[in-house]
Structures are given as structure tokens and as C-alpha cells.
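Take a look at the structure set out below.
Residue numbers (our numbering), protein chains in the order written: chain C, 384 to 856; chain E, 384 to 856.
Below, the structure is given as C-alpha cells:
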């Protein structure tokens with residue numbers, strides 16, 4: 384296949400991500416590999432323009448491969464490299480682009496070694512994982528038996544890209560990776576992305592009149608407490624003429640904003656993005672809790688660490704979710720002392736010191752009980768913060784004065800008043816628990832920031848009050 | 384557009400699922416809508432053959448729509464119906480298939496009413512959600528502001544399907560739905576699937592020589608404890624000639640099996656599937672913990688309920704994950720009393736009665752401490768089962784004799800010996816916690832079933848011993 388170069392300078396590489404497997408098309412799995420691949424491509428300034436998934440079906444796989452090389456410079460393929468009978472990716476790629484399948488002895492030995500290391504013989508079906516299309520470059524898989532590979536294929540006749548540098552023979556790079564997420568993640572990072580970056584640089588160096596090229600920069604701002612259309616309304620005068628694209632998305636219980644900036648140079652894009660984020664934060668204030676992959680629990684952990692503060696949890700309806708989110712963060716053992724899941728009332732009394740009289744008078748789902756739980760766990764665990772949840776996540780258990788969805792959240796603080804609020808979240812059980820846990824975490828964050836402890840509202844405008852019609856801001 | 388009918392009898396309808404949004408292609412979200420749509424289509428015996436995602440980019444959206452109607456009978460589109468400036472689905476669909484955009488007064492009033500109900504005025508940008516392609520049928524959205532719609536479009540000239548009934552003008556049905564998962568889920572269930580089913584029946588009724596058609600049946604079997612290729616090897620003599628397709632997939636920490644049967648009638652498919660599942664269970668035994676959407680925690684909950692037994696948790700490294708999984712199940716308050724997240728050693732002592740001497744002699748991550756935690760929580764919560772986890776999930780905290788990944792799990796039982804085991808799972812923090820929690824839950828299940836309490840192994844063959852090479856079974 385052609386080794387000649389591909390790209391004029393200044394072009395943004397365009398990618399297609401193809402995942403293969405009947406289980407995807409039957410909806411048996413949520414295919415998170417596509418998001419991972421696109422995210423990492425995006426970080427590398429390669430724009431994913433298409434996601435495609437097809438069945439383990441040779442004709443449809445071949446069609447997808449041909450179409451991809453007609454419209455993308457980089458094609459990432461995952462799935463279909465396994466040892467089982469429905470794994471066809473290697474064969475179909477070889478067939479589609481007219482290559483033979485060749486045994487790679489080194490890979491066979493590696494796979495044998497993998498099994499030897501585990502003290503067992505290699506299955507026959509694993510041997511097929513050592514065959515590759517002729518001319519392909521093998522990509523090592525240090526954590527599994529299926530190696531991936533890279534092929535170069537002439538950019539299809541069907542389309543070409545409007546930006547293709549005339550006079551250069553353009554090729555598409557196809558990378559295959561296993562569908563097992565952790566094997567894919569490692570191969571993507573260590574084998575695929577370095578080759579994509581090398582190709583980008585090579586392309587730019589070879590092009591006539593290379594001059595640095597266009598750059599794209601983006602950042603994810605995570606918000607909690609405002610609905611998507613409120614966010615859009617808040618920001619409607621922002622960025623429209625400033626050349627900043629603003630993406631919105633709901634990731635319950637959060638909403639994310641994604642400002643994207645394109646500029647002639649990376650430096651310019653960086654500085655314009657920085658300015659855009661500053662402006663967005665000025666509009667939204669403490670509604671923005673984090674950036675990038677910083678979850679609410681990570682933001683809380685960062686603030687607790689900065690303040691040298693500790694926390695304990697007393698959970699009824701969330702059943703351990705608040706503790707689980709806090710402790711998911713590496714290093715959380717320095718500020719999380721632990722918690723109590725007090726599902727039964729006896730446990731609220733025995734382990735948290737909630738008096739039986741209080742439970743009897745107000746019921747388990749009540750402000751006084753939430754306060755007693757939060758204060759009880761804070762005192763017993765001797766922490767700076769104690770957070771509690773008690774509610775009716777449903778689907779059963781509601782009553783007229785306390786319908787399903789009712790929940791009380793309390794935050795006890797060393798040396799400060801305990802804050803409590805009652806909400807009714809008309810959500811299913813899973814989302815009710817998620818939203819309740821996020822409110823609890825957000826209050827810890829807000830308390831550490833010294834800002835008002837407010838609950839979520841899809842309607843609330845910062846500063847309270849009702850929301851005026853859009854366009855009047 | 385044509386109202387004439389579409390399908391010969393006996394055909395399986397074929398679907399394409401298209402999701403739209405820059406955030407998907409940038410990898411900012413894991414697009415779970417595609418899986419949901421395909422799963423429900425599959426249940427309705429419609430086969431999803433393609434998943435496609437494109438940017439909020441009119442030309443690429445139009446191209447995807449045209450291609451879809453050339454190869455699918457049913458096209459489900461999600462995303463791009465929102466009020467914000469990057470929502471283009473309605474406009475592009477109208478444009479692609481030559482329709483005008485028409486205001487639907489009823490929808491406008493519904494959207495206005497939605498906001499009135501919330502005590503605020505409608506934003507201008509929400510009004511655009513009341514415009515639809517002429518001839519489209521509006522699909523109500525009772526939980527959000529964006530209605531969906533259904534369009535009928537002549538099946539494209541590009542392809543047609545080999546199965547198309549000659550003499551019938553074939554049309555594709557396009558359904559649009561919002562991208563917000565819960566809005567989509569409800570609209571899919573209440574608006575889209577009934578229309579798809581009606582079309583299938585209508586097609587069959589109209590077709591010459593209709594005779595019941597081919598039926599497809601599938602079931603998901605959930606397994607824990609055996610790796611994918613061991614499962615495949617175990618089942619290699621199964622089903623190959625029995626007309627049962629067997630799909631495998633890893634959904635860490637589980638592996639799922641999906642037997643799929645096609646037959647001339649639904650009855651035949653049902654009975655052959657039943658037989659296939661019986662045979663698989665006979666091969667794999669207690670490795671199969673559930674079917675369909677029954678999670679491990681749900682299976683445990685079912686068994687606890689059947690036995691009238693109760694449980695409490697004592698978690699260190701899993702930080703609340705075991706309790707969270709147990710309490711996620713509706714009705715779990717009848718068997719989960721609660722738990723303790725004992726992250727700090729002081730909490731292990733104060734709340735679970737683990738002696739300081741034990742902690743000092745063996746360290747927090749040790750079999751004796753795991754036993755003391757499990758027995759401590761079982762006694763204090765007065766439950767039938769007490770389950771504990773203590774380990775080093777990483778990334779830091781390992782030592783030579785207890786490397787990162789070390790974990791002890793214990794199960795205390797009323798009136799029976801406590802079971803404890805130490806594992807080293809060489810996994811990242813998140814997966815280490817997931818696997819540990821699943822072992823803990825699986826032991827409760829195994830104990831209730833009266834089978835051996837075993838840990839997971841990617842290699843272990845049931846009954847222990849080393850695994851012979853494939854093909855020798």
C-alpha cells in the first residue's frame with residue numbers, strides 16, 4: 384500500500400469510529416468505547432465526524448469500512464478481534480482491501496506466552512488472533528490476547544474531502560483494537576494515538592506552504608442546579624459573534640457546557656478559550672462546579688483536602704451512594720472517615736443516636752430526623768462535616784403528606800448551624816437517588832466555598848426569584 | 384407522502400438508529416440512547432442493523448437520513464430537537480425530504496402550558512419546538528418540552544432490501560425523539576413502539592400469502608466468575624448445528640451470553656429458545672446468576688426475599704458500593720437493614736467492634752479483620768448475613784506483602800461458619816471495587832443457593848483444576 388503522504392498543512396484530520404458486534408446492535412451493551420475513542424481523538428485535535436456500528440456481518444462490515452475510508456483520514460475500528468466464532472474484523476478488512484492473511488509468528492509466541500504465564504495451554508481458537516492482513520503493522524496488547532493492527536488504505540474514490548491537498552496521494556489509516564474496554568484504552572493510548580500524531584506531523588511537514596495550521600480547543604464545564612434551557616438563556620448573548628461554539632448537554636443530574644474555539648494557531652485558540660471560560664463563569668458563578676473530568680465528588684474531595692476537613696455520611700434513601708461517590712476518588716481515605724447506611728429505623732437509633740421519640744413524632748422522612756442523622760454521624764465520626772439523606776425514592780412507600788419523591792437532606796458542620804431542606808423530586812428511584820446524592824455533595828462544596836446552600840431547580844435563576852421570558856435579559 | 388403499505392409477510396423489519404449531537408462525536412457522553420432503542424426494537428422483533436451518529440451538521444445529517452431510508456424500514460432518530468441553537472433535526476429532515484415546516488398550534492399550546500404550570504413564561508427559543516415537517520405526526524412528550532414526530536418517506540432508490548415485497552411501494556418510517564434519556568424512553572415506549580408494531584401487523588395483513596412469518600427470539604443469560612473464552616470453550620459443542628446463534632459479551636465484572644433462535648413461528652422459536660437456555664444452564668450451572676435485566680443485586684434480593692433473610696454490610700475498600708447496589712433494588716428495605724462504611728480504622732473499632740489489637744497484629748487488610756467486620760456488622764444489625772470488604776483498591780497504599788489490588792472479603796452467616804478469602808485483583812481502582820463488590824454479592828447468592836462459595840477466575844473451570852486446551856473437551 385501507498386506510503387506517500389496525506390495531508391496539507393493546516394487541515395484538521397477527520398476520523399470515523401466503527402464498532403462491531405451483534406451485542407451492540409441488539410442493545411445489550413452501552414458501547415462506551417466510541418466515546419472514549421472520540422474523546423481521545425478530540426484531545427489530539429482530530430475531529431470525529433462519524434460513529435458507525437454494524438453487526439458481525441461481513442457484507443455490512445465491508446460496506447462500513449469502504450465508506451469510512453472515503454470520508455475519514457483516520458478510521459478506528461473496535462471489536463471483532465476476539466477468539467470466538469463471531470469475531471470477523473481481521474478477515475473482512477483483509478478481504479475488503481485485497482490483502483492476504485499472514486501469520487505473525489511473534490504474535491503467536493506472545494499469545495502462547497500469555498497462556499503459559501497463566502499455567503495453561505493456548506486454545507486453538509486463540510491462534511487465529513495471530514493472523515493479520517499482509518502489510519499491516521501489529522499493535523501490541525499487553526493486557527489481553529488480541530493484538531490490534533494498523534493498515535494504510537488509499538483514500539476512497541467515492542468522496543475525498545474538500546480540504547484534501549491536491550497533488551498528494553491521500554491515504555486513510557485504519558486501526559483495529561479489541562472491544563474489551565481496558566484493552567482498547569491501553570492500546571489507544573500507547574499504540575494508536577502516537578501513530579496518529581506522527582502522521583499529523585509528517586503530513587504538515589511535507590505540505591507545501593505549511594504554516595502551523597488551524598487549531599481547535601475545547602473545554603468541558605460541569606454545572607449543577609440549572610436546567611439546559613436556563614443555561615442557554617443565561618448565555619444567549621455570549622459567544623454568538625465571538626467565534627465560540629457553545630455545546631450543551633444534559634448528563635443527569637448535571638448539565639455540561641462545552642465551549643469550542645477554532646483559531647489560526649494553538650496559542651490563539653488557547654487564549655480565546657481561556658477568555659470564553661472566564662466569561663461563562665462570570666455569568667454562571669458557583670453553578671459551575673468543575674471542569675473536564677472532575678466529578679462533583681472529585682471537586683468536593685479537592686476542597687476538603689484544601690481545607691484539611693473531614694466528612695462522614697448518614698444515608699437512608701441513597702443507601703450508600705454518597706459514600707460510594709466520595710470514596711471512588713483516589714486518596715479519599717484522607718478525608719472520608721466513613722458512614723452509616725441507616726436503612727432500618729433501628730439502625731438510625733442504634734448507630735446514629737436518632738431518638739425513637741423523634742422518629743415516632745416526625746417520621747423517618749422529616750427535617751428533624753435528617754438533622755439528627757447528620758449531627759449524629761458527624762459527632763460519632765468526629766468529622767468536620769456530616770451529611771444525611773432520608774427520603775422515599777419509590778416506587779412504593781409514599782403517603783399523602785409525604786408523596787413518593789419526598790426527601791430531606793441535611794448538612795451538619797463543626798462550629799456552624801446544621802442546614803436542612805425538604806424536596807420533592809418527581810423522579811424514578813435511580814434518578815431520585817442520584818439527584819439526592821448530588822445535592823448532598825453540592826452542599827459540602829458550597830459550604831467550603833462559603834456560598835449559599837441551594838437546592839437544584841430547573842427553573843431557578845441565580846439570585847432567586849422567578850425567571851423572566853427568554854430574550855429579556 | 385405515500386400511505387401505501389410496505390411489507391410482505393414473514394419479513395423481519397430492519398432498523399437504523401441515528402443519534403445526533405456534537406457532544407456524542409466529541410466523546411463527551413456515552414450515548415446510551417442507542418442501546419435502549421435497539422434493545423426495545425429487538426424485543427419487538429425488529430432487527431437493528433446500523434447505528435450511526437453524526438455531528439449537528441446539516442449536510443452530514445441529511446446524508447445519514449438519506450442513507451438510512453435506503454436500507455432500513457424503521458429509522459429512529461434521537462437528538463437535535465431541543466430549544467438551543469445547535470438543534471437542527473427537524474429543519475434538516477424537512478429539507479432532506481422536501482417538506483415545509485408547519486407550526487402545530489396544539490403543540491405550541493402544550494409547550495406554553497408546560498411553562499405556565501411551572502409558573503413562568505415560555506422562552507422564545509422553545510417556540511421552535513412546535514414546528515414540524517408537513518404531514519408528520521406529532522408524538523407527545525409528557526415529561527419535556529420537545530415533542531417528537533413520525534414521517535413516512537419512500538424507501539430510497541439506492542438500495543431497497545432483497546426482501547422487499549414486489550408490487551408494494553415500500554416506505555420507511557422515521558421517528559424523531561428528544562435526546563434526553565428519560566424523555567426518549569417514555570416516547571419510545573408509548574408513542575414509537577406501538578406505531579412500529581401497528582405497521583408490522585398492517586404490512587403482514589396486506590401481504591399476499593401472509594402466513595405468520597419468521598420469528599426471532601433471544602434471551603440474555605448473565606454469568607459471573609468465568610471469562611469469555613472459557614465460556615465459549617465450555618459451550619463449543621453446543622448449538623453449532625442446532626440453529627442457535629450464541630453471542631458473548633463482557634460487561635465487567637460479568638459476562639453475558641445471548642442465545643438467539645430464529646424459527647418459522649413464534650411458538651417454535653420460544654420452545655427452542657427455552658430448550659437452548661436449559662442446555663446452557665446445564666453446562667454452566669451456578670455460574671449463570673440471572674436472566675434479562677436481573678442484576679446480581681436483584682438476584683440476591685430475590686433470594687433473600689424467598690428465604691425471608693436479612694443482610695447488613697461492612698465496607699472498607701468498596702466504600703458503600705455493596706450497600707448501594709443492594710438498595711438500588713425497589714423493595715430492598717425489607718431485607719437490607721443497613722451498613723457501615725468503615726474507611727478509617729477507628730470506625731472499624733468503634734462501630735463494628737474490630738479490636739485494636741487485631742488491627743495492629745494483622746493490619747486492616749487481612750482475613751481476621753474481614754471476619755471481625757462481617758461478624759461485627761451481622762451481630763450489631765442482627766441480620767442473617769453480614770458481608771465485609773477490606774482491601775487496597777489503589778492507586779496507592781500497597782506494600783510488598785500486600786500489593787495494590789489485595790482484598791479480603793468475608794461473609795458471616797447466622798448459625799454457620801464465616802467464610803473469608805483473600806484475592807489480589809490487578810485492576811484499576813474502579814474495577815477493583817466493582818469486582819470486589821460483585822464477589823461479596825455473589826457469595827450471598829451462593830450461600831442462599833447452598834453451593835460452594837468461590838471467587839472469580841478468568842481461567843477456572845467449574846469444579847476446579849486447570850483448564851485443558853480448547854477442543855479436547
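All C-beta atoms, glycine included, are put in the ideal place defined by N, C-alpha and C.
As the structure is a prediction and not an experimental result, all values here were calculated from the model.
query	result
Chain C contact residues for residue 461(E), given Cβ-Cβ distances below 7 Å	Neighbours of residue 461(E) on chain C: none; closest Cβ ~13 Å, over 7 Å.
Start-to-end residues for the beta strand (DSSP E) that takes in residue 535(C)	531-537
Touch test, the region 727-735 of chain E against the region 774-782 of chain E, Cβ-Cβ under 8 Å, three pairs minimum	no
Sufficient close CB pairs (3 or more, under 8 Å) joining the region 511-527 of chain C to the region 434-452 of chain C	no
Short CB-CB distance (under 8 Å) between residue 666(C) and chain E	no
Residue 377(C): contacting residues in chain E (beta-carbon distance under 7 Å)	The structure shown has nothing for residue 377(C), since chain C only spans 384 to 856.
Within 7 Å of chain E by C-beta, residues of the region 437-463 of chain C in sequence order	437, 438, 443
C-alpha gap between residue 638(C) and residue 605(E), whole angstroms	33 Å
Completely contained alpha helix (DSSP H) runs for the region 710-780 of chain C, where each covers 4 or more residues	728-735, 739-745, 750-764
Whole-angstrom distance between residue 578(C) and residue 726(E), CA atom to CA atom	43 Å
Residue-level contact to chain C via CB, residue 533(E), 8 Å cutoff	no
Selection from 752(C), 480(C), 747(C), 409(C) that minimises the alpha carbon distance to residue 603(E)	409(C)
Supposed contact pair residue 659(C) and residue 644(C) - C-beta distance, whole angstroms, cut 8 Å	6 Å
Other residues of its chain near residue 543(E): CB distance less than 6 Å, five sequence neighbours each side excluded	Any reading at residue 543(E) needs caution, since the residue's pLDDT is 38, under 50, leaving its predicted position unreliable; the model's value is listed next. So no residue of the chain qualifies.
Cβ neighbour criterion (16 or more within 10 Å) applied to residue 486(C)	exposed
Neighbouring residues, chain E, relative to residue 433(C) (Cβ below 9 Å)	408, 435, 436, 437, 438, 443, 447
DSSP three-state assignment for residue 784(C), whether helix, strand or coil	coil
Buried or exposed by the 16-neighbour rule on C-beta atoms within 10 Å, applied to residue 661(C)	exposed
Cutoff 8 Å; reference residue 811(C); Cβ partners in own chain excluding five residues on either side	777, 778
Beta-carbon neighbours of residue 641(E), restricted to chain C and to distances below 9 Å	405, 406, 409, 411
Local Cβ density within 10 Å of residue 813(E), reported as buried at 16 or more and exposed below that	exposed
Beta bridge counterpart(s) of residue 520(C) as assigned by DSSP	533(C)
Cβ-Cβ separation, residue 721(C) to residue 730(E) (assumed contact under 8 Å), whole Å	4 Å
Three-way DSSP call (helix, strand, coil) for residue 486(C) in this model	strand
Interfacial residues, the region 413-429 of chain E to chain C, with Cβ spacing under 8 Å	413, 414, 415, 417, 418, 419, 420, 421, 422, 423, 424, 425
Any chain E beta carbon closer than 8 Å to residue 632(C)	yes
Residue 636(C) in three-state terms, based on DSSP	coil
Chain E contact for residue 497(C) (CB, 8 Å cutoff)	no
Residue 514(E) - partner residues in DSSP beta bridges	486(E)
Residue 464(C) versus 611(E), 710(E), 564(E), 563(E), residue with shortest Cα-Cα distance	611(E)
Separation of residue 820(E) from residue 693(C), as counted between CA atoms	25 Å
Chain E contact residues for residue 707(C), given Cβ-Cβ distances below 7 Å	702, 703, 704, 707
Contacting residues, own chain, Cβ-Cβ under 8 Å from residue 742(E) (five flanking each side not counted)	728, 731, 732, 752
Spatial neighbours of residue 566(E) in its chain, beta-carbon cut-off 8 Å, leaving aside the 5 residues before and after	524, 526, 527, 529, 560
Whole-angstrom C-beta distance between residue 699(E) and residue 747(E), which should lie under 8 Å	7 Å
Proximity of residue 702(E) and residue 711(C) at Cβ, strictly below 8 Å	yes
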